[in-house]
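Report on one structure; see the data block that follows.
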Amino acid sequence: MTVQQEAPGGEALEVWIDQDLCTGDGICAQYAPEVFELDIDGLAYVKGADDELLQAPGATTPVPLPLLTDVVDSAKECPGECIHVRRVSDKVEVYGPDAE
Ligand code: SF4
């Protein structure tokens, strides 16, 4: 069973990567290797509950609360500006290039 973690505000968050813009530098995988990993194609993907890479376009994974800072830092530092963190409830982006 996947346990949905909640961010400080009580909102569960999820993250996805737009591989079309990924430069493959691996910053996200350094910051949060539990959430992000580079595949042999040189692009980063989010990981599912069993550590498998989720390769469907727009695939999301929950952001574990203990890793929220690492995931947010990844989104801020991502040179491709392609890491999107959004609320699960209404799909509004809270960190990333489309956040307000
Ligand atoms: S930090 Fe951004 S551009 Fe770099 S590998 Fe991760 S998703 Fe791709």
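The sequence shown begins at 7 in our numbering and counts up one residue at a time.
The beta carbon of each residue, even a glycine, is placed where N, CA and C say it ideally should be.
request  = Pull up the distance between the alpha-carbon of threonine 66 and that of glutamate 43, whole angstroms please.
outcome  = As a working mapping, residue 66 is identified with position 60 in the sequence shown. As a working mapping, residue 43 is identified with position 37 in the sequence shown. Cα to Cα, the separation comes out at about 13 Å.
Q) Does the beta-carbon of proline 68 have 16 or more other beta-carbons within 10 angstroms, so that it is buried, or is it exposed? A) Your numbering for residue 68 matches position 62 in the sequence shown. It counts as buried.
What residue does the beta strand (DSSP E) around isoleucine 23 start on, and which one ends it? For the purposes of this step, residue 23 is identified with residue 17 of the sequence shown, where counting begins at 1. Its beta strand (DSSP E) spans residues 19-23.
Look at the alpha carbon of glutamate 40 and the alpha carbon of glutamate 58, and state the distance between them as a whole number of angstroms. On the sequence shown, residue 40 is found 34 positions in, with the first residue counted as 1. On the sequence shown, residue 58 is found 52 positions in, with the first residue counted as 1. Going by the C-alpha atoms only, they are around 11 Å apart.
Beta-carbon proximity check, glutamate 99 vs arginine 92, cutoff 7 Å
Here residue 99 refers to the residue found at position 93 of the sequence shown. Here residue 92 refers to the residue found at position 86 of the sequence shown. In this structure, arginine 92 lies closer than 7 Å to glutamate 99 by Cβ.
Review point. Do aspartate 31 and ligand 1 come close, with the Cβ less than 6 Å from some heavy atom?
Key: Locating residue 31 in the sequence shown gives position 25, where the first residue counts as 1. Checking every heavy atom of ligand 1 against the Cβ of aspartate 31, one is found closer than 6 Å.
Legend entry - Three-state secondary structure (DSSP) of glycine 71: For the purposes of this step, residue 71 is identified with residue 65 of the sequence shown, where counting begins at 1. The sequence given here places leucine at residue 71; glycine does not occur at that position. The answer is helix: DSSP assigns leucine 71 an H, G or I state.
Contact under 7 Å by Cβ, isoleucine 89 with serine 80: Along the sequence shown, read from residue 1 onward, the residue named residue 89 stands at position 83. Along the sequence shown, read from residue 1 onward, the residue named residue 80 stands at position 74. Yes, the Cβ-Cβ distance between isoleucine 89 and serine 80 is below 7 Å.
My parser needs the alpha helix (DSSP H) runs of 4 or more residues fully inside the stretch 35-106; what are they? 74-83
Original post:
Rounded to the nearest angstrom, how far is the Cβ of isoleucine 23 from that of tyrosine 51, given a contact under 8 Å?
Top reply: Your numbering for residue 23 matches position 17 in the sequence shown. Your numbering for residue 51 matches position 45 in the sequence shown. That belief holds up - the Cβ atoms of isoleucine 23 and tyrosine 51 are roughly 6 Å apart, short of 8 Å.
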